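Shown next, in structure tokens, is the structure this report addresses.
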Amino acid sequence: MFEGMRQSGAVTDVRRLGPHDHVCWGFDDFAEFRSAALAFLEAGLGLGQRVCYVGEPSDGVYEALTGARPGAVQLLSVAAHYANGLDPREQVEVHAAATKEALAAGFTGLRVATDVTPLIRRSAQLDAFARYEHQADHLMATRPFSAMCAYNRTVLGSDVLTQLSIMHPLTTETAPYFRLHASSVPGCAAAISGELDLSNADLLDLALRRAEFRPTGGELVLDAADLTFIDRRRLAALADHARDLGATLVLRTNRSILHRLTQLLNWDNVRIDPTS
Amino acid sequence: MRTGAAAGHTGHFHEALLHASDEELLAVVVPFLIGGVTEGEPTVVALGEQHAELVRAALPPEVVDRVGFHPGGDMYRRPASAIRAYRDMLADYTASGADQIRIVGELPTTELGTTWDWWSRYESAVNHSYDEFPLWSMCAYDTRTTAAHVLADVARTHPRTARPRDLHIPNADYVDPGRFLRRRVAFAPDPLELTPPTVDLKDPTTAETRAAIAQLNDGILPPRKLGDLQLAATEAVANGLTHGTPPVVVRCWADTTRIVITVTDRGGGPTDPFAGLQAAAHAPNGGFGLWLAHQLCDHVAMDHAADGFTLRLISGDPYQRINRPPDGKTGP
Chain A
56 MFEGMRQSGA
66 VTDVRRLGPH
76 DHVCWGFDDF
86 AEFRSAALAF
96 LEAGLGLGQR
106 VCYVGEPSDG
116 VYEALTGARP
126 GAVQLLSVAA
136 HYANGLDPRE
146 QVEVHAAATK
156 EALAAGFTGL
166 RVATDVTPLI
176 RRSAQLDAFA
186 RYEHQADHLM
196 ATRPFSAMCA
206 YNRTVLGSDV
216 LTQLSIMHPL
226 TTETAPYFRL
236 HASSVPGCAA
246 AISGELDLSN
256 ADLLDLALRR
266 AEFRPTGGEL
276 VLDAADLTFI
286 DRRRLAALAD
296 HARDLGATLV
306 LRTNRSILHR
316 LTQLLNWDNV
326 RIDPTS
Chain B
104 MRTGAAAGHT
114 GHFHEALLHA
124 SDEELLAVVV
134 PFLIGGVTEG
144 EPTVVALGEQ
154 HAELVRAALP
164 PEVVDRVGFH
174 PGGDMYRRPA
184 SAIRAYRDML
194 ADYTASGADQ
204 IRIVGELPTT
214 ELGTTWDWWS
224 RYESAVNHSY
234 DEFPLWSMCA
244 YDTRTTAAHV
254 LADVARTHPR
264 TARPRDLHIP
274 NADYVDPGRF
284 LRRRVAFAPD
294 PLELTPPTVD
304 LKDPTTAETR
314 AAIAQLNDGI
324 LPPRKLGDLQ
334 LAATEAVANG
344 LTHGTPPVVV
354 RCWADTTRIV
364 ITVTDRGGGP
374 TDPFAGLQAA
384 AHAPNGGFGL
394 WLAHQLCDHV
404 AMDHAADGFT
414 LRLISGDPYQ
424 RINRPPDGKT
434 GP
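Taken in order, these protein sequences are the chains called A and B.
When the first sequence is numbered by this note's numbering, its final residue is 331 and no position is left out of the sequence of numbers.
When the second sequence is numbered by this note's numbering, its final residue is 435 and no position is left out of the sequence of numbers.
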């Protein structure tokens with residue numbers, strides 16, 4: 056595992072996550088979250104990152120952390136940290152500035168753990184937060200910023216958790232087998248991975264809207280190296296989304312199934328580019 | 104302007120060419136090709152290697168050079184692929200200003216046996232699928248080696264039969280493709296279908312279906328063909344779940360040579376008689392998925408029974424069937 060490389064897929068052990076990793080952590084009871092957050096932040100300290108726990112002192116995470124040097128461990132309340140009414144792009148600016156600050160203070164980067172559950176009580180908040188997750192992931196792909204976004208499954212329900220899970224490169228959730236997140240491949244607007252078919256049709260539509268792609272040069276380029284399956288209708292959904300944005304869909308992959316499908320369908324605004 | 108027997112005809116002038124000897128074949132094909140070349144029409148031969156060489160040897164040198172020879176075996180791997188390839192070819196010729204295109208072709212003899220069912224649908228469908236082009240085509244069948252029930256289908260699917268001495272005789276048995284393709288034909292079972300299925304899933308998700316196929320494969324199909332079959336099965340199950348009537352039942356069998364999959368639901372199946380053979384831009388009720396399946400598998404059969412619709416996909420050896428008398432195959 057390279058130091059700067061991002062991981063994606065299912066995750067069970069947060070201690071192995073690197074300086075750019077972004078994980079969706081679903082939990083059923085708070086004690087479970089507490090120990091995972093602690094392990095995640097301790098691993099960050101081990102990497103020389105500044106770590107920030109967003110929550111309450113009484114949660115028992117902040118208290119348990121000991122930084123090697125002053126300023127290594129921070130505590131922020133959820134209310135103070137997400138004070139902007141959650142404008143996704145503004146919130147990402149806050150993280151970008153905090154990462155810059157951590158670097159200026161001599162740390163290798165920033166690592167944040169939060170139980171985000173209290174922020175997602177209404178559907179408008181869910182939508183804004185899912186959009187934010189995607190923008191934040193782009194920051195993490197390029198900057199030494201790493202985050203654990205924890206969600207209480209028993210409070211939010213599995214449908215909501217799934218909607219948030221698919222916006223992360225790493226997740227504890229196994230269904231519904233696809234993810235849309237930032238790519239570290241130059242020129243790619245995002246990475247799409249897993250399997251896309253009838254079973255996740257509605258989720259794909261939601262994820263595409265929430266990713267808020269802004270194609271450049273008339274092309275929406277997606278890193279599809281880990282997209283193991285896509286059916287015709289989901290390829291059509293991706294192509295339609297690109298078309299609505301005035302772009303041609305370009306999928307970067309070497310998988311023969313995607314080459315085969317696009318060759319048969321011969322749609323004018325879909326192209327498959329091999330990965331180098 | 105159209106020339107020869109097709110003069111004054113609009114669209115596809117589709118003829119059967121029945122022959123019982125090389126001489127009979129040449130007596131029709133040679134004047135047909137010379138006529139096309141003389142008129143400056145795109146003139147194409149898509150016969151098997153043996154007949155192609157025979158024709159090549161019988162043509163004057165100045166004609167041979169102006170006839171396009173396409174290996175028939177490549178052209179006729181799958182009905183849906185043949186329709187696509189021919190439509191592309193015809194569109195190119197028409198765009199270049201051709202007033203008529205002449206093609207003589209024949210199916211490989213392997214396709215006149217157990218897999219004839221989908222080729223009979225092809226022969227009927229192309230009356231419609233090529234009808235937007237000024238095409239004069241002849242489909243050669245050797246009456247000495249072709250089974251009687253196949254020849255009966257040839258008469259039902261070709262409006263005319265070409266004979267030596269420039270005869271073009273209407274076929275009294277010809278039926279409109281819409282009617283021919285709507286007949287219920289229960290397909291002959293692959294012998295594996297008479298054994299208990301290895302996979303038997305009720306209302307599976309598409310992902311479960313793919314996983315079951317992958318597990319069953321165990322090296323039978325190379326990865327690319329496995330992926331093709333998984334895609335075809337996904338489209339079939341998605342069609343069943345979206346357009347069919349539950350339950351959707353997926354059954355799979357395999358031996359070392361092939362994987363056989365049936366997808367059954369309680370609905371009536373696609374209503375478009377051309378479903379699977381030609382890709383319509385917005386094919387209704389799952390037509391596009393069926394077309395993909397026809398491109399991705401080595402054989403596809405459909406059965407519209409009273410109690411439901413079954414789609415069968417075969418990848419690998421497509422030729423194994425339990426024989427039934429031809430009369431027993433045709434229902435009401």
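In this text, a Cβ means the ideal position worked out from N, Cα and C, and glycines have one as well.
The model shown is predicted, which means the values in this text are computed figures rather than measured ones.
Reference S227 (chain B); option with closest CA among B:V278, B:L416, B:I272: Numbered from its first residue, the second sequence carries residue 227 (chain B) at position 124. Ranking B:V278, B:L416, B:I272 by Cα distance to S227 (chain B) puts B:V278 first.
Which of helix, strand or coil DSSP assigns to A227 (chain B): Position 124 of the second sequence holds residue 227 (chain B). A quick correction: the sequence has Ser, not Ala, at residue 227 (chain B). Looking at S227 (chain B) - three-state DSSP - the assignment turns out to be helix.
Name the chain B residues that come within less than 7 Å of R234 (chain A), Cβ to Cβ? Here residue 234 (chain A) refers to the residue found at position 179 when the first sequence is read from its first residue. Ordered by position in chain B, no residue passes the 7 Å Cβ test against R234 (chain A), which lies about 15 Å from the chain.
To the nearest angstrom, how far is it from the Cα of T312 (chain B) to the Cα of T337 (chain B)? By 1-based counting over the second sequence, the position of residue 312 (chain B) is 209. By 1-based counting over the second sequence, the position of residue 337 (chain B) is 234. Approximately 7 Å, taken between the alpha carbons.
C-beta neighbour in chain B for K228 (chain A), strict 8 Å: Along the first sequence, one-based indexing puts residue 228 (chain A) at 173. In the sequence as displayed, the identity of residue 228 (chain A) is Glu instead of Lys. Cβ-Cβ to chain B under 8 Å: no for E228 (chain A).
Rounded C-beta distance between Y244 (chain B) and V257 (chain B)? I'm assuming under 8 Å. Counting from 1 along the second sequence, the entry for residue 244 (chain B) is found at position 141. Counting from 1 along the second sequence, the entry for residue 257 (chain B) is found at position 154. With 8 Å as the limit, Y244 (chain B) and V257 (chain B) qualify as a contact, their Cβ atoms being about 6 Å apart.
How about E145 (chain A): is its C-beta nearer than 8 Å to some C-beta of chain B? On the first sequence, residue 145 (chain A) is found 90 positions in, with the first residue counted as 1. Not one chain B Cβ lies under 8 Å of E145 (chain A).
Within chain A, the residues that F377 (chain B) reaches when beta carbons sit closer than 9 Å: Stepping through the second sequence from its first residue, residue 377 (chain B) is reached at position 274. Going along chain A, no residue has its Cβ under 9 Å from F377 (chain B), so there is no contact; the nearest lies around 17 Å.
If distances are taken between C-alpha atoms only, which option among B:P294, B:V167, B:F236 comes closest to A109 (chain B)? The residue labelled residue 109 (chain B) in the question sits at position 6 within the second sequence. The shortest Cα separation from A109 (chain B) among B:P294, B:V167, B:F236 belongs to B:F236.
Identify the residues that DSSP records as bridge partners of R263 (chain B): which are they? Locating residue 263 (chain B) in the second sequence gives position 160, counting from the first residue. Bridge partners of R263 (chain B): B:E118, B:P273.
Rounded distance between the beta-carbons of A92 (chain A) and M203 (chain A), thought under 8 Å: The residue you call residue 203 (chain A) lines up with position 148 of the first sequence. The residue you call residue 92 (chain A) lines up with position 37 of the first sequence. Correct: roughly 6 Å between the Cβ atoms.
Strictly under 8 Å for the Cβ-Cβ distance: is T141 (chain B) near chain A by that measure? The residue labelled residue 141 (chain B) in the question sits at position 38 within the second sequence. So no, T141 (chain B) is outside the interface.
Taking Cβ positions only, does S311 (chain A) come closer than 8 Å to chain B? By one-based count along the first sequence, residue 311 (chain A) stands at place 256. Yes, contact with chain B.
G110 (chain A) versus R287 (chain A) - alpha carbon distance: Here residue 110 (chain A) is taken as the residue at index 55 of the first sequence, counted from 1. Here residue 287 (chain A) is taken as the residue at index 232 of the first sequence, counted from 1. One C-alpha to the other measures close to 44 Å.
At which residues does the alpha helix (DSSP H) containing I312 (chain A) begin and terminate? On the first sequence, position 257 is the one that residue 312 (chain A) refers to. That run of the alpha helix (DSSP H) goes 311–320.
Return yes when the Cβ of V353 (chain B) is within less than 8 Å of the Cβ of I364 (chain B), no when it is not. Translated into positions along the second sequence, residue 364 (chain B) becomes position 261. Translated into positions along the second sequence, residue 353 (chain B) becomes position 250. Taking a C-beta distance under 8 Å as the contact criterion, I364 (chain B) and V353 (chain B) qualify as a contact pair.
H385 (chain B) at chain A interface by Cβ criterion, 8 Å: The sequence position of residue 385 (chain B) within the second sequence is 282, counting from 1. Here H385 (chain B) scores only 49 on pLDDT, less than 50, and its place in the model should not be relied on; the value that follows carries that caveat. Output row for H385 (chain B): interface = no.
What does the alpha-carbon distance come out to for the pair D281 (chain A) and P294 (chain B)? Indexing the first sequence from 1 puts residue 281 (chain A) at position 226. Indexing the second sequence from 1 puts residue 294 (chain B) at position 191. About 38 Å.
Assign S199 (chain B) to one of two classes, buried (16 or more other C-beta atoms within 10 Å of its C-beta) or exposed (fewer than that). Residue 199 (chain B) sits at position 96 when you count from the first residue of the second sequence. S199 (chain B) sits exposed, since fewer than 16 C-beta atoms from the chains shown fall within 10 Å of its C-beta.
Does the beta-carbon distance from I362 (chain B) to N320 (chain B) come in below 8 Å? Position 259 of the second sequence, counting from 1, holds the residue named residue 362 (chain B). Position 217 of the second sequence, counting from 1, holds the residue named residue 320 (chain B). A contact, by the Cβ cut-off of 8 Å.
With contact counted as at least three CB pairs below 8 Å, one residue from each stretch, are the segment 183–196 of chain A and the segment 114–124 of chain A in contact? no
Which residue comes first and which comes last in the alpha helix (DSSP H) that contains V132 (chain B)? In the second sequence, the residue the question calls residue 132 (chain B) occupies position 29. Segment 125–141, the alpha helix (DSSP H) holding V132 (chain B).
Which residues of chain A have a Cβ atom closer than 8 Å to the Cβ of T309 (chain B), listed in chain order? As a working mapping, residue 309 (chain B) is identified with position 206 in the second sequence. Within 8 Å Cβ-Cβ: D252, L253, S254, D286.
Enumerate, from N- to C-terminal direction, the unbroken alpha helix (DSSP H) stretches of 4 or more residues contained entirely within the segment 101–129 of chain A. none
Residue from B:D306, B:G208, B:G114 with nearest C-alpha to E152 (chain B): Within the second sequence, residue 152 (chain B) is the residue found at index 49, counting from 1. Checked all of B:D306, B:G208, B:G114; the closest Cα to E152 (chain B) is B:G208.
State yes or no: is the beta carbon of D331 (chain B) nearer than 8 Å to at least one beta carbon in chain A? Within the second sequence, numbered from 1, the residue matching residue 331 (chain B) stands at position 228. Yes, contact with chain A.
I'd like to know if T337 (chain B) contacts chain A, where contact means its C-beta is closer than 8 Å to some C-beta of that chain. In the second sequence, counting from the first residue as 1, residue 337 (chain B) sits at position 234. At least one CB of chain A lies nearer than 8 Å to the CB of T337 (chain B).
Bridge-paired residues (DSSP) for R166 (chain A): Working through the first sequence from its first residue, we reach residue 166 (chain A) at position 111. In the DSSP output, where bridge partners are listed per residue, R166 (chain A) has A:V106, A:S201.
Does any residue of chain B bring its CB to less than 8 Å from the CB of R315 (chain A)? As a first step, residue 315 (chain A) must be located in the first sequence, where it is residue number 260. By this cut-off, R315 (chain A) is an interface position.
Please work out which residues of its chain come closer than 6 Å, Cβ to Cβ, to D331 (chain B), disregarding the five sequence neighbours upstream and downstream, and give them in chain order. For the purposes of this step, residue 331 (chain B) is taken as residue 228 along the second sequence, with counting starting at 1. Residues L399 of the same chain have their beta carbon placed closer than 6 Å to that of D331 (chain B), with the five preceding and five following residues left out of the count.
Rounded to whole angstroms, what is the Cα-Cα separation between H122 (chain B) and R268 (chain B)? Mapped onto the second sequence, residue 122 (chain B) falls at position 19. Mapped onto the second sequence, residue 268 (chain B) falls at position 165. So the alpha carbons of these two residues sit roughly 13 Å apart.
In angstroms with no decimal places, state the Cα-to-Cα distance between G64 (chain A) and G392 (chain B). Taking the first sequence and counting its residues from 1, the one referred to as residue 64 (chain A) is at position 9. Taking the second sequence and counting its residues from 1, the one referred to as residue 392 (chain B) is at position 289. So the two alpha carbons sit approximately 30 Å from each other.
According to DSSP, what are the bridge partners of P158 (chain A)? For the purposes of this step, residue 158 (chain A) is taken as the residue at position 103 of the first sequence. Rather than Pro, the amino acid found at residue 158 (chain A) in this sequence is Leu. Assignment of beta-bridge partners to L158 (chain A) by DSSP yields no partner.
Pull up the CB-CB distance for F172 (chain B) and L284 (chain B), whole angstroms please, since I reckon it's below 8 Å. As a first step, residue 172 (chain B) must be located in the second sequence, where it is residue number 69. As a first step, residue 284 (chain B) must be located in the second sequence, where it is residue number 181. So it is not a contact: roughly 31 Å between Cβ atoms.
In terms of DSSP beta bridges, what is H252 (chain B) paired with? Walking along the second sequence from the start, residue 252 (chain B) turns up at place 149. Looking at the DSSP output, H252 (chain B) shares a beta bridge with no other residue.
Would DSSP call I425 (chain B) helix, strand or coil? On the second sequence, residue 425 (chain B) is found 322 positions in, with the first residue counted as 1. Note: I425 (chain B) maps to coil in three-state DSSP.
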